[in-house]
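Novice:
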Amino acid sequence: MKKKVFGNIYTVLIFLFLYMPIAVLILYSFNGLNSTSEFEGFSLKWYRELFSDSATLNALKNTLILAILSAIISTVIGTMASYGINKMQNKHVKSATMSVTKIPMVNPDIVVGISMMLLFVFVGGIIGAKSNLGFGTVLIAHITFNLPYVILSVLPKFKQMDKSLPEAAQDLGCTPIQSFLKVELPAILPGVISGLIMAFTLSLDDFVISYFTIGSGFETLPIRIYSMTKKRVTPDMYALSTLIFVSILILLLVSNLTSDKNREKMSKKAKKITKIVVSAIFAVIVIITAIVLIVTASTETLTLNVYNWGEYISDGGEDTLDVNKAFTEYYEDWYYKEYGKKIKVQLNYTTYASNEDMYAKLKSGATGYDIVIPSDYMIERLKKEGLIQPLDLNKIPNYENIMEEFRNPFYDNGEEKYTVMYTYGVIGIVYNKDRLNQEDLEKIENGEAGWELLWDEDYKGQILQFNNPRDAMGTAMYSLGINVNTATDEEWQIAFEKLREQKPLVQSYVMDEIFNKMEGGEAALAAYYAGDCMTMSAANPSLGFYYPKNADGKISTNIFADAMCIPTAAENTELAHAYINFMLSEEPAVANAEYLYYASPNKLVVNNEGYRESLGEDYDVIYDSDLEGSLEYMFENYAYRNLPDEKLHLLNSLWETLKVDSAAFGGGIYIVCAVIAAVLIAFAIYAYIIKRKRRKLYWTPKAKEQSIQKS
Amino acid sequence: MNEKKIIELKNVAKSYDGEMILDHISLDVHEKEFVTFLGPSGCGKTTTLRIIAGFVTPDTGDVVFDGTRINDIPAYKRHVNTVFQKYALFPHLNVYENIAFALRLNKVSEEEIFERVEEMLAMVNLRGFEKRDVNLLSGGQQQRVAIARALINKPKVLLLDEPLGALDLKLRKDMQNELKNIQRKTGITFIYVTHDQEEALSMSDTVVVMADGKIQQIGTPTDIYNEPQNAFVADFIGESNIIDGIMLDDYKVRFSGHEFECLDKGFDKNERVDVVVRPEDVDVTKPGQGMLDGVVTSVTFKGVHYEIIVNINNFKWMIQSTDYVEPNQNIGIYIEPDAIHIMKRSEYSGKFGDYSSFSDELEKLSDASEEEE
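Those protein sequences? They're chains S and F, same order as listed. Those letters in the first sequence? Residues 1 to 711, by the working numbering. Those letters in the second sequence? Residues 712 to 1084, by the working numbering.
1) Within the continuous beta strand (DSSP E) that includes residue 559 of chain S, where are the two ends?
2) Which residues of chain F have a Cβ atom closer than 8 Å to the Cβ of residue 155 of chain S, listed in chain order?
3) Looking only at its own chain, which residues have a Cβ that is under 8 Å from the Cβ of residue 11 of chain S, when we skip the five neighbours before and after it?
4) Put residue 888 of chain F into one of helix, strand or coil per three-state DSSP.
5) What is the DSSP secondary structure of residue 235 of chain S, counted as helix, strand or coil?
6) List the whole-angstrom C-beta distance separating residue 375 of chain S from residue 595 of chain S, where the pair is believed to meet the contact cut-off of C-beta under 8 Å.
7) Let me know the secondary structure DSSP gives residue 982 of chain F once reduced to three states.
8) What are the boundary residues of the beta strand (DSSP E) that residue 737 of chain F is part of?
9) Please report the straight-line C-alpha distance between residue 724 of chain F and residue 78 of chain S, rounded to a whole angstrom.
10) Do residue 419 of chain S and residue 533 of chain S count as a contact pair if the criterion is CB distance below 8 Å?
11) Out of curiosity, what's the CA-to-CA distance linking residue 673 of chain S and residue 142 of chain S?
12) Residue 992 of chain F by DSSP, collapsed to three states: which one?
13) How about residue 949 of chain F and residue 936 of chain F: are their beta carbons less than 8 Å apart?
14) Spatial neighbours of residue 347 of chain S within its chain, please: C-beta separation below 7 Å, excluding the five flanking residues on both sides.
15) Just to confirm, are residue 874 of chain F and residue 796 of chain F a CB contact at a threshold of 8 Å?
16) Using the C-alpha atoms, what's the distance from residue 942 of chain F back to residue 1029 of chain F?
17) Is any non-hydrogen atom of the ligand NAD found closer than 7 Å to the C-beta of residue 511 of chain S, if you look at the structure I gave you?
18) Closer than 7 Å, Cβ to Cβ, to anything on chain S: give me those residues from the stretch 777-796 of chain F, in chain order.
19) Which residues, in order along the stretch 145-175 of chain S, keep a beta-carbon less than 8 Å from a beta-carbon of chain F?
20) Is the separation between the beta-carbon of residue 954 of chain F and that of residue 966 of chain F shorter than 8 Å?
21) Near residue 158 of chain S, which residues of its chain fall below 7 Å by C-beta distance, leaving aside the five closest residues on each side in sequence?
22) With DSSP as the reference, label residue 958 of chain F as helix, strand or coil.
23) Relative to the C-alpha of residue 854 of chain F, which candidate in F:825, F:809, F:1002 has its C-alpha closest?
24) Give a yes or no on contact between the stretch 144-153 of chain S and the stretch 748-763 of chain F, applying the rule of three or more CB pairs nearer than 8 Å.
25) Is the stretch 671-687 of chain S in contact with the stretch 512-522 of chain S, if contact means three or more CB pairs nearer than 8 Å?
26) Can you find a C-beta in chain S that's less than 8 Å from the C-beta of residue 802 of chain F?
27) Can you tell me which of F:1019, F:1025, F:792, F:1021 puts its alpha carbon nearest to the alpha carbon of residue 170 of chain S?
28) Counting only C-beta atoms, is residue 21 of chain S closer than 8 Å to chain F at any point?
29) Could you tell me the alpha carbon to alpha carbon distance between residue 989 of chain F and residue 1052 of chain F, rounded to whole angstroms?
30) Looking at chain S, is there any beta carbon in it that lies within less than 8 Å of the beta carbon of residue 799 of chain F?
31) Taking residue 492 of chain S and residue 238 of chain S to be in contact with their CB atoms under 8 Å, please state how far apart those CB atoms are, rounded to whole angstroms.
32) Excluding the 5 residues flanking residue 222 of chain S on each side, which residues of the same chain have their C-beta closer than 6 Å to its C-beta?
33) Can you tell me the Cα-Cα spacing of residue 30 of chain S and residue 44 of chain S, whole angstroms?
34) Between the stretch 539-551 of chain S and the stretch 407-425 of chain S, do three or more beta carbon pairs fall short of 8 Å?
35) Since residue 213 of chain S contacts residue 301 of chain S with CB under 8 Å, what's their CB separation in whole angstroms?
36) Closer than 8 Å, CB to CB, is residue 222 of chain S near chain F or not?
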């Protein structure tokens, strides 16, 4: 009776922890509202949105092609390998081979990913390939990590198979090849199929290894979803995740139905139905892939690889303009009119989560990106290292739309132009009116509030801080009046102490999580990028937003600009220039500005009536005239600059110290781990002693004799 | 046996990892013959079979089939078929398709396949089983499918590798008869491998007794039983008391301190020999009235007879008798001259035929303890 109760509790808990999150995900994918706290009516809105988002669909297509190809190839290779391993005579060689095969499974993905990337870049360097990473490399990587799983699923079938089967086949007249195809393959087929399915799901799911080995112009779904988190995961991702979950569930059910055990139990009719269903599913997958391949292969294709921040372009969601799609249509039309020839523009839009990620990618040899959109200080660095090239402004006639004051930013003020500004913005502080006290609210309203609220003991446990070193350290430095670019080592240390002082008050260090936390009303205060702050306050009316001022009443905060550049290793500069030019024309520029809530340097945008109307009051906030001095002055004094290497090292080491310090568990976690380890060791020793004692009883010669006599 | 030779093995040897599995054996198999390779496990009988089938290539020596040397012909081109120990039925095919497998390979027309499969099914008494899943058949039924599958190509020789090993006793007896009938009906040469001496004696035309990679004796079942050539054969085929003896003269042998008359001759005077006396050929008498006296050490009831172990001059004899005697009773034994069989001494002399340590259980126990250590 008791056992039953415990068993039931266990089952309930399992379902709760394993399937509740998925249930919630599915529920919210049908939410009529873009909120994680409220559910308002059943709606298919996010599914519609999903299928109108060309970039996501493209990523889905890539993921499917990659998964199918890698699954099929690794299954073929894995089956052949299993055949060979099973035939091995020497036991030592066999077990050594098996160990080698298993290592990649226990090897952390990150190690596999990095080592593969290194190898590809290295080999690419030797053979002089222009582009080292791409579809080919990620395919090879996927095949590699799928192989052990296929082998582990096929090899047991070979072992289970009656060893005389191939002999029986040859005895009846089969050549060895016929014997494999007609007898051995059917016997191991269940293993092959489950290996195939496993390889398919693993490949579908992989993020880490793909991330390192993927080239420009190719984005898989996991990578796209991850890069979206720069801002937040939109509900159409819930819809997509739901679809993936359901597909995998079906796949799993099918593979279970085809397993041996069930087969024996099934009636003939059921067997037939399963067979039909399985073949139908495979046929559909193959046909879809074939159609996609044929469609993409039929016309001459120009490829443009754009690498941008996540959610940093108007993507066609919620009745907005799909800028990338608009560009490809525009360019295809223009090309046809100009040259009388039909072409197809393949725009591969991939995204990153931070400047540093993008930098690492460009540096690693993932050449082939035609457009990148980094921030100011990173542009300085890219320029210094020769990773971006000067633009040909003759090919960008719309450059005249950029207002005069944005044509010579500090990071690009030379004779030759390397960049065209995309947006600019400042860091502000978003706050929850319901959580702040009256005094502070008044202070904010009077425009007297500064950074000090982020250090206010009253809001202990309700403050969010940036989870990246440059911005977090920036908040401390701006509040202290330290220059973020010319700070001495001592000043860095002081800023670090300031952050350390703040640490007990901080609820958590966040990037994209800020949306859910602030919109859900979990926190009181946070510093964040102004455009995002406005997005948040649009979603939750209790949220307000201000630019922090110092005691002297001057605004003191970071201002940043992101700009379009063409990497030195770009493969289609012609198309890249056309893309930049298109982005500066009125319709896409306005669409972007409306979507992003960041300030635009484009006069066609600033003067656009519709844009002004749609923003309403926010227009003044975004283009705040309160900013101290001119924008030029702001950029000169408040933007981040590329730091010298030794300062970067210092920054990173201080940041690590802060983060380690702030580990929530403190020293307690080590004690807990030590206790658990000690208990486990003690138990192991105890079990060993007991075993020895029992053994002694029946292993002494006397006991042995007795047992013989008895029988 | 005037039939033509169908298979000849000439001086065939095979070794694995330096261990001699087959030690230069030579052997002829005639058409329509039922030949059995009999021996304990590891004696080389299965290897010999696999050499004929083509799964093993001999190191030296020739394999001749119907007058041609077939050493280099792969298994799938040989006109022999095999029934495997664990049947090796194709699990993904049903009964009909398993049997039709060889015909399909040869692109035989569907009508002919149907006819021949039906014929085979009738022969092995499996009519109506066409659509059954082979994995769901009983051992005996699987065995029949395996035989039908191997015979459908009408091979000249059928090789059977311990085909009845996995069946229970009753079923095994039935299948023995059936196999013998099939062999008679089809006239196909059967080469049968087994370690079961009773099976070998009851089914075969010719028995080949093998041990340690060598052929110990080739002969008809009666020859093998009545005239074993050495202590190994005498012990392996049935039960035997094998006693050291001295041939005093033709028809006169001395063992156990007593002089016996016998029917054997042609040995040197006073040559040391092995004397074989089958347990069922010994008569029990009152003490002093027989040729030898002894003490009964154990009596086991075996159904048809009692198995009596008697200690005579510290040599333990096995006697099978329908009369009951008490343990520890003194008895005498009487042996007719024609119950005595004299063999030349061989490497196996002294190793077999003494029942002093005879106990099934004890043997098993000592085996187990050896394995553990």
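The beta-carbon is built from N, C-alpha and C at its ideal position, and this holds for glycine as well.
Specialist: Walking through what the data contain:
1) That run of the beta strand (DSSP E) goes 559-564.
2) Result: empty, since nearest Cβ-Cβ is about 18 Å, beyond 8 Å.
3) Short of 8 Å from the beta carbon of residue 11 of chain S, and not among the five residues preceding or following it, lies no beta carbon of its own chain.
4) Helix.
5) Correct three-state label for residue 235 of chain S: helix.
6) Incorrect: roughly 19 Å between the Cβ atoms, too far for contact.
7) Note: residue 982 of chain F maps to strand in three-state DSSP.
8) Annotation for residue 737 of chain F: the continuous beta strand (DSSP E) segment containing it runs 730-741.
9) C-alpha of residue 724 of chain F to C-alpha of residue 78 of chain S: approximately 38 Å in a straight line.
10) For residue 533 of chain S and residue 419 of chain S, no; Cβs fall outside 8 Å.
11) Spanning the two alpha carbons is a distance of roughly 35 Å.
12) If DSSP states are grouped into helix, strand and coil, residue 992 of chain F belongs with the helices.
13) Yes; because the gap between Cβ atoms is below 8 Å, this pair is in contact.
14) Contacts found: 304, 306, 324, 327, 328.
15) When the beta-carbon positions are compared, residue 874 of chain F and residue 796 of chain F come within less than 8 Å of each other.
16) It is roughly 16 Å from the alpha-carbon of residue 1029 of chain F to the alpha-carbon of residue 942 of chain F.
17) With respect to small molecules bound, the structure shown includes none, and the ligand NAD cannot be examined in it.
18) Using a CB distance below 7 Å, the part of the stretch 777-796 of chain F facing chain S consists of 786, 787, 792, 793, 795, ordered along the chain.
19) Within the stretch 145-175 of chain S, the residues whose Cβ lies closer than 8 Å to some Cβ of chain F are 162, 164, 165, 167, 168, 169, 170, 171, 172, 173, 174, 175, listed in chain order.
20) Closer than 8 Å, so yes.
21) Answer for residue 158 of chain S: 82, 83, 86, 188, listed in chain order.
22) Of the three classes helix, strand and coil, the one that applies to residue 958 of chain F here is strand, per DSSP.
23) Shortest Cα-Cα distance from residue 854 of chain F to any of F:825, F:809, F:1002 involves F:809.
24) At 8 Å Cβ cutoff, the stretches do not touch.
25) No, they do not touch.
26) Yes, residue 802 of chain F lies at the interface with chain S (some Cβ there is under 8 Å from its Cβ).
27) With distances taken between Cα atoms, residue 170 of chain S lies closest to F:792.
28) False, the Cβ-Cβ gap to chain F never drops below 8 Å.
29) Approximately 9 Å between the Cα atoms of the pair.
30) It does; some Cβ of chain S falls within 8 Å.
31) Approximately 42 Å separates the beta-carbon atoms of residue 492 of chain S and residue 238 of chain S; this is outside 8 Å, ruling out the contact.
32) Non-local C-beta neighbours of residue 222 of chain S in its own chain, meaning closer than 6 Å and more than five positions away in sequence, comprise 207, ordered along the chain.
33) Computed Cα separation, rounded: 6 Å.
34) Touching, no, given that fewer than three Cβ pairs across the two stretches are closer than 8 Å.
35) Actually they are not in contact, since the Cβ atoms of residue 213 of chain S and residue 301 of chain S sit about 23 Å apart, beyond 8 Å.
36) Taking Cβ atoms only, chain F never reaches closer than 8 Å to residue 222 of chain S, which makes this a no.
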